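If you're matching positions, the sequence shown starts at 1 in the UniProt record's numbering and goes up one per residue.
Below you'll find the structure, written out as structure tokens, and then a few comments.
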Amino acid sequence: MGYLDAQVGDAERTAFRRAEKRYKFYKHSSTSARSTKHRESVPPTDLSEVLDFRKIRCSRLTKESGIKRVDEGLQWPVFMMEKHPGFYFIPEALGVEEQMHWIEESLTTFPQPPNRTNHTATYGPISDLWSRAQSGETIEQPTEKSNNSTPAMLGKHASHSTVTPQALDQTMWSAVEVSTSESNKHSHSMVIPMKNLLRKLRWATLGLQFDWSKRAYDLSLPHNKIPQDLYELASKLAKPAMNNSQFHAEAAIVNYFGCDDMLGGHLDDMEKDWSKPIVSISFGCKAIFLLGGPSREDSPTAMFLRSGDVVLMAGPARGCFHGIPRIFVDPKESDLPDFSSCDLSCQTFIDYIRTSRINLNIRQVF
Numbered sequence: 001m002g003y004l005d006a007q008v009g010d011a012e013r014t015a016f017r018r019a020e021k022r023y024k025f026y027k028h029s030s031t032s033a034r035s036t037k038h039r040e041s042v043p044p045t046d047l048s049e050v051l052d053f054r055k056i057r058c059s060r061l062t063k064e065s066g067i068k069r070v071d072e073g074l075q076w077p078v079f080m081m082e083k084h085p086g087f088y089f090i091p092e093a094l095g096v097e098e099q100m101h102w103i104e105e106s107l108t109t110f111p112q113p114p115n116r117t118n119h120t121a122t123y124g125p126i127s128d129l130w131s132r133a134q135s136g137e138t139i140e141q142p143t144e145k146s147n148n149s150t151p152a153m154l155g156k157h158a159s160h161s162t163v164t165p166q167a168l169d170q171t172m173w174s175a176v177e178v179s180t181s182e183s184n185k186h187s188h189s190m191v192i193p194m195k196n197l198l199r200k201l202r203w204a205t206l207g208l209q210f211d212w213s214k215r216a217y218d219l220s221l222p223h224n225k226i227p228q229d230l231y232e233l234a235s236k237l238a239k240p241a242m243n244n245s246q247f248h249a250e251a252a253i254v255n256y257f258g259c260d261d262m263l264g265g266h267l268d269d270m271e272k273d274w275s276k277p278i279v280s281i282s283f284g285c286k287a288i289f290l291l292g293g294p295s296r297e298d299s300p301t302a303m304f305l306r307s308g309d310v311v312l313m314a315g316p317a318r319g320c321f322h323g324i325p326r327i328f329v330d331p332k333e334s335d336l337p338d339f340s341s342c343d344l345s346c347q348t349f350i351d352y353i354r355t356s357r358i359n360l361n362i363r364q365v366f
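Here it is in structure tokens:
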């Protein structure tokens, strides 16, 4: 929220950009002899310099690495870094059942209107995206030739229609073109499976709504207050950075990462008081988090983020570039929790999170 993207003309060789390229997952899908040779020339990612706070927690060896443990009197172990004042790392802050609760909320409740998502501008408010995706529903996206300006909800099958698979393009979701026998001459629309929209869900905003085009909070947009249980969780987690004052959760953004997604270096700079932390909670597949400095020329620190980990960024840390260059979806690397203790009704959520990452970050706006 308030992401400051790379400026036009930014050098590709900044320290932050080099780190992103270093840890990015390079995927080569071609099977030609030439590309196979190139694929084999790509070395495995060197992760030797990536901080692992779970190992640090177990070893208790922090002085030589500039890391300080500051959890006296707190519920969890909390770590600070000398080179990044205002940054706090809380490993394994949430247990498995609590993680599953928030994964389910992130997929079913948080995308619900009046909350906005990356799909709102195209399709308008979409209710019950998760359940409609599970039941195989579709949504119609009218084009310029269509007589209807409002997307229509369809069921599993469109009656009296001829359905032809057709990809929108190589980078977007697949779709099917529908030409009805009665209105073929007057309309032209795309029918999108809701499960594709679910997989293309990238963000949802809770509480006070953020206008990405203006890079500002729009208080005129309809919104609900942050759910009380999330408000209380954020207040509890924020304590290490609050100096005995109270954190008031007023807005949040949920980021959804697919297997090939990354979040480029940016600043979260639109809240009024930077002394109040951003409370960032990770769910799902392990990721690499880069924390730099006020300039892209500052070499970032790389660290692992796993499901249940929490990061706080307050004060000087709010002015630091940060991003996610990679998530690990291979079962051998994803470090997912053991969800076997969860209820059988959670299986569809477990299937989703096996190849995904969700980041829930909560903010005090004023």
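We put the CB at the ideal spot given by N, CA and C, even for glycine.
Just so we're clear, the structure is a prediction, and the values are computed from it rather than from any experiment.
So, I362 versus A204, is the Cβ gap smaller than 8 Å?
no
Have a look at the DSSP bridge pairing and note the partners of H119.
Bridge pairing for H119: absent [DSSP].
Limits of the unbroken alpha helix (DSSP H) element including W102
96 to 108
Quickly, what does DSSP pair V279 with across the bridge? List them, please.
L312, I362
For D128 and L206, I'd like the C-alpha separation in whole angstroms.
Approximately 16 Å between the Cα atoms of the pair.
CB contact check: H266 to chain C, cutoff 8 Å:
Chain labels in this structure do not include chain C; a single protein chain is all it has.
Hey, quick one: how far does the beta strand (DSSP E) through residue 413 stretch, first residue to last?
Because the chain in this structure spans residues 1 to 366, residue 413 falls outside the shown range and cannot be described.
Within this structure, are the beta carbons of G308 and Q99 separated by less than 8 Å?
yes
Helix, strand or coil, according to DSSP, for Q112 in the structure here?
Correct three-state label for Q112: coil.
Exposure of F366, with buried meaning 16 or more beta-carbon neighbours within 10 Å:
exposed
Check whether the Cβ atoms of R132 and P91 lie closer than 8 Å to each other.
Against a cut-off of 8 Å, the Cβ pair of P91 and R132 comes out as no contact.
When burial is assigned at 16 or more other CB atoms within 10 Å of the CB, is Q170 buried or exposed?
Residue placement at Q170 is poorly supported in this model, since its pLDDT is 30, which falls under 50; the coordinates are not used for a value here.
According to DSSP, simplified to helix, strand and coil, what is H157?
Since pLDDT at H157 reaches only 33, below the 50 mark, its modelled position is unreliable, and the value read off the structure follows with that caveat. In the structure shown, H157 sits in coil (DSSP, three-state: anything other than H, G, I, E or B).
What is the DSSP secondary structure of G73, counted as helix, strand or coil?
In the three-state reduction of the DSSP assignment, G73 falls in the coil class.
Assuming contact is defined by CB atoms lying nearer than 8 Å, are R326 and F25 in contact in what I supplied?
yes
With burial defined as no fewer than 16 other Cβ atoms inside 10 Å of the residue's Cβ, what is the status of C285: buried or exposed?
By the neighbour-count rule (16 or more Cβ atoms within 10 Å), C285 is buried.
Indicate whether L290 and E20 have their beta-carbon atoms separated by less than 8 Å.
yes
Is Q141 helix, strand or coil when you go by DSSP?
Assigned with DSSP and collapsed to three states, Q141 falls in strand.
When the Cα atoms are used, what is the spatial distance from Q141 to K83?
Cα-Cα distance, rounded: 49 Å.
Sufficient close CB pairs (3 or more, under 8 Å) joining the region 287 to 304 to the region 316 to 325:
yes
Start and end residues, beta strand (DSSP E) containing Y256
251 to 257 is the span of the beta strand (DSSP E), which, as asked, contains Y256.
Which residues does DSSP pair with D330 in a beta bridge?
According to DSSP, D330 bridges with nothing at all.
Indicate whether Y256 and R306 have their beta-carbon atoms separated by less than 8 Å.
If you check the CB distance, Y256 and R306 do not come in under 8 Å.
Can you check which of these residues, H119, W212, H101, A15, is closest to S345 by C-alpha distance?
Nearest C-alpha to S345: H101.
Rounding to the nearest angstrom, what Cα-Cα distance links R13 and G73 in this structure?
Straight-line Cα distance between these residues: approximately 44 Å.
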